[in-house]
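Reviewing the structure listed below.
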Amino acid sequence: DPIPTATTRSLLDHYADVELSDLTDHEVRELRPLLYEELSSKAGETVFLKLHDACSRTPTGKPLISQNATKGMVYIVRNPLDIVASYAFHLNKTIDEAIAKMNEQESIASAKDKLNPQIPYLLGSWSYHVQSWLENDYAIPVFVLKYEDLFAEPVNWFSKVLNFAHLQCTEDEIIRAIEATDFQKLKEEEDQNPFPEKHINAPRFFRKGQVQNWREELSSQQVNRIISDHGKMMKKLGYL
Numbered sequence: 051d052p053i054p055t056a057t058t059r060s061l062l063d064h065y066a067d068v069e070l071s072d073l074t075d076h077e078v079r080e081l082r083p084l085l086y087e088e089l090s091s092k093a094g095e096t097v098f099l100k101l102h103d104a105c106s107r108t109p110t111g112k113p114l115i116s117q118n119a120t121k122g123m124v125y126i127v128r129n130p131l132d133i134v135a136s137y138a139f140h141l142n143k144t145i146d147e148a149i150a151k152m153n154e155q156e157s158i159a160s161a162k163d164k165l166n167p168q169i170p171y172l173l174g175s176w177s178y179h180v181q182s183w184l185e186n187d188y189a190i191p192v193f194v195l196k197y198e199d200l201f202a203e204p205v206n207w208f209s210k211v212l213n214f215a216h217l218q219c220t221e222d223e224i225i226r227a228i229e230a231t232d233f234q235k236l237k238e239e240e241d242q243n244p245f246p247e248k249h250i251n252a253p254r255f256f257r258k259g260q261v262q263n264w265r266e267e268l269s270s271q272q273v274n275r276i277i278s279d280h281g282k283m284m285k286k287l288g289y290l
C-alpha cells in the first residue's frame, strides 16, 4: 500500500477533537505537531509518513515535527535543474513560471476548498526547503538521499535507507521491491488508475523520471537563472 501523506486531511481529522475544516489555516498549523505526536504514541508500531513540508515551526515556535513524533527522516533531494521541468508539468505551468515558483520564499501548497483532501503546507524555495532539513535544529536524525544516487544504484541506496530505518530485508526482497516500483511500471499503472497526488491541472503524475534531462529541456538562460537562485545549495550537494 502507498505510504500516507502527513498532510492528508482525513488522517489528521482522525486524531483531532475537531474537523480541521472548521479551523483557520493558522490554527491547523499550530495543531499539527500535537496530532503527529498523538499519532506516534497511539500507533503501536513504526509508522511511515510522506512529508512535503519544509522543516519549520508553528506560529508560536513549536517544531512541526518533534522528537516525540519521529525517530528520523529520509530526505530525498533532486537536482533543481531536473526538477523544474517536472514541476512545470506537475503544475501545468511554463518552465519560466516553475523557476519563479521554486524561488518563492513563502511558497505554500494550498487549495481554496477547505475540504480539499490535503491541508496547506509550507514549501518555501528549493534552497530554503533543503537547508531547513539538512540544518534543522530539532535533533532529528536525517538521512539525505539524492535522487541521482538512487537512480544509478537503487539496490545499494535502498539498502542504506533500510539500515537507517532499522528495517531488515534480504537482497532478494529489496530487488523485488525495486522492480515493483519501477518508474515505467508505475507510469503504466497510472494509465489504468489515476495517481492520487496528481495536481488537478496536470495531465498525469508520472512524467519521465530521468536524470540530466535538463540538458535537453532548458535554455542556457533558464539554467543560469536556476544556478543564480540556488547555486550555493547546489554546490553543497555536489550538483555544481
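So in the numbering used here, spot 68 of the sequence shown is number 118, and the numbers just go up one at a time. Heads up, the beta-carbon is just placed ideally off N, CA and C, and yes, glycines get one too.
Straight-line spacing of the CA atoms in T231 and R265 works out to 26 Å. Straight across, the Cα-Cα distance linking V205 with L268 is about 30 Å. Secondary structure of Y188 (DSSP, three-state): coil. I115 places its beta carbon 8 Å or farther from that of W176. DSSP places F98 outside both helix and strand once states are collapsed to three, so it counts as coil. Here the segment 105-120 makes contact with the segment 176-194; the two share three or more CB pairs at distances below 8 Å. Residue state for L217 is assigned as coil, using DSSP reduced to three classes. DSSP places Q168 in the strand class (E or B) of the three-state scheme. Contact check between the segment 85-95 and the segment 117-130: three or more CB pairs, one atom from each, fall below 8 Å, which counts as touching. Unbroken beta strand (DSSP E) runs of no fewer than 3 residues, entirely contained in the segment 84-138, are found at 123-127, following chain order.
In the three-state scheme derived from DSSP, where H, G and I count as helix and E and B as strand, L62 is classed as helix.
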